[in-house]
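Reviewing the structure listed below.
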Amino acid sequence: MEAVIKDIAEMQRTAERLRNQGRRIGVVPTMGCLHQGHLKLLEVARKHADVVITSIFVNPTQFGPTEDFTRYPRDLGRDTQLASAAGTDYVFAPETESMYPPGYHTYIEVERLTEMLEGKSRPGHFRGVTTVVGKIFSITKPAVAVFGQKDAQQVAVVRQMIRDMNFDIELVVCPIVREPDGLAMSSRNVYLSKEQRSQAPVLYMSIARAEDLIRSGERSCEKVIDRMKTLIATNSSGVVDYISIADSTTLEELNECRGSLLISLAVRFGTTRLIDNATITI
Ligand code: PAF
1018 MEAVIKDIAE MQRTAERLRN QGRRIGVVPT MGCLHQGHLK LLEVARKHAD
1068 VVITSIFVNP TQFGPTEDFT RYPRDLGRDT QLASAAGTDY VFAPETESMY
1118 PPGYHTYIEV ERLTEMLEGK SRPGHFRGVT TVVGKIFSIT KPAVAVFGQK
1168 DAQQVAVVRQ MIRDMNFDIE LVVCPIVREP DGLAMSSRNV YLSKEQRSQA
1218 PVLYMSIARA EDLIRSGERS CEKVIDRMKT LIATNSSGVV DYISIADSTT
1268 LEELNECRGS LLISLAVRFG TTRLIDNATI TI
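Structure (structure tokens):
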């Protein structure tokens, strides 16, 4: 690996130099606490770019006041090692005070797509995400940016922002990486107690059940969602935040299971909130 860069101006100068050398920069924005899912994003970035920048920044503006910003796991040493071993050339790890200095007043806000699902449960979340991702784009000057499908709505929102703000950046999306028992990899899985961890695959199980029902002819979204709720209630102590079957492009909720569907859900285990999703076409 070349370097860990904390200074914004230095990252910009480095990115400019790389671009002038004709190198194609790929960026993988992360909040650290890297797991196999992130390492997959880095692997894919390597295939699409000549030089890979991994940003590691726990972004305060995307956390709600009662969310886990302060306890979010941070270990730059470990993350740098993992990122380096997975083919990162530069780690960009700015300080909060340099990303949001006193007097900071500018935000990027995508409308509509941010009003439902995660946006409804976590007001202001996507405003924080698009703002920081926009900043990371303007600092790292990438030709390609790699995101994970685990955060399906985030992908849709970032895609809309790239289009609307004319960012000259190719968006590459990687499939969800799962544990052997189906649980989607997430930095938040470390919060789960042993018992919660054993129940957490219920998100994936409920999606698999929904897919089965829809593929065998069920067309009522309400009925499918009811079956998912029952499965979760029967097999876990998880509390459903939302379950949605929506159009995968507009994210509008559907009555009838037809077209390209995004099945998504959020479930709380104690104070830990897990999400999962799948896209299927009928
Ligand atoms: O997906 C995440 O980890 C974050 O939302 C992102 C894209 C790094 C922005 O802080």
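The opening residue of the sequence shown carries number 1018 in the working numbering; numbering runs sequentially from there. Even for Gly, the Cβ is constructed at its ideal location relative to N, Cα and C. Bear in mind that the values here come from a model prediction, so they are computed numbers and not experimental data.
For the alpha helix (DSSP H) containing residue i, name the first residue and the last one.
i       : result
Cys1238 : 1238-1252
Arg1214 : 1211-1216
Gly1165 : That residue, Gly1165, is in no alpha helix (DSSP H); its beta strand (DSSP E) goes 1161-1165.
Asn1037 : 1025-1037
Ser1101 : 1093-1102
Asp1229 : 1219-1232
Glu1114 : 1113-1116
Is residue i a contact residue of the ligand PAF, with contact defined as CB to any heavy atom under 8 Å?
i       : result
Phe1164 : yes
Met1048 : yes
Phe1300 : Only positions 1018 to 1299 of the chain appear in this structure, which leaves residue 1300 out of reach.
Gln1079 : yes
Val1146 : yes
Val1150 : yes
If you follow the beta strand (DSSP E) that residue i is in, where does it begin and where does it stop?
i       : result
Val1150 : Note, Val1150: premise wrong, no beta strand (DSSP E); alpha helix (DSSP H) at 1142-1157.
Ile1042 : 1042-1047
Ala1066 : Where Ala1066 is concerned, there is no enclosing beta strand (DSSP E), given that its DSSP letter is neither H nor E.
Give me the Cα-Cα distance between residue i and residue j, rounded to the nearest whole angstrom.
i       : j       : result
Thr1083 : Val1146 : 17 Å
Glu1273 : Thr1289 : 31 Å
Ala1102 : Gly1054 : 14 Å
Leu1099 : Leu1051 : 7 Å
Gln1166 : Cys1191 : 6 Å
Ala1227 : Met1245 : 7 Å
Tyr1089 : Tyr1208 : 9 Å
Taking residue i as the reference, give the member of the options with the closest Cα.
i       : options                            : result
Gly1094 : Phe1086, Phe1080, Phe1109, Asp1085 : Phe1109
Ser1261 : Pro1090, Asn1076, Lys1137, Lys1158 : Lys1137
Arg1040 : His1065, Asp1096, Val1127, Gln1216 : His1065
Arg1030 : Tyr1089, Ala1100, Ser1155, Gly1104 : Ser1155
Lys1300 : Pro1111, His1142, Gln1171          : Residue 1300 lies beyond the residue range present for the chain, which begins at 1018 and ends at 1299; the question has no answer from this structure.
Leu1278 : Leu1051, Ile1299, Ile1292, Phe1286 : Ile1299
Val1061 : Asn1294, Glu1235, Ile1042, Leu1268 : Ile1042
Gly1141 : Asn1183, Gln1079, Arg1129, Asp1168 : Gln1079
Exercise. Is there contact between the stretch 1240-1259 and the stretch 1116-1125, where contact requires at least three CB pairs shorter than 8 Å?
Worked result: no
Exercise. Does the stretch 1178-1187 come close enough to the stretch 1160-1167 to have 3 or more Cβ pairs within less than 8 Å?
Worked result: yes
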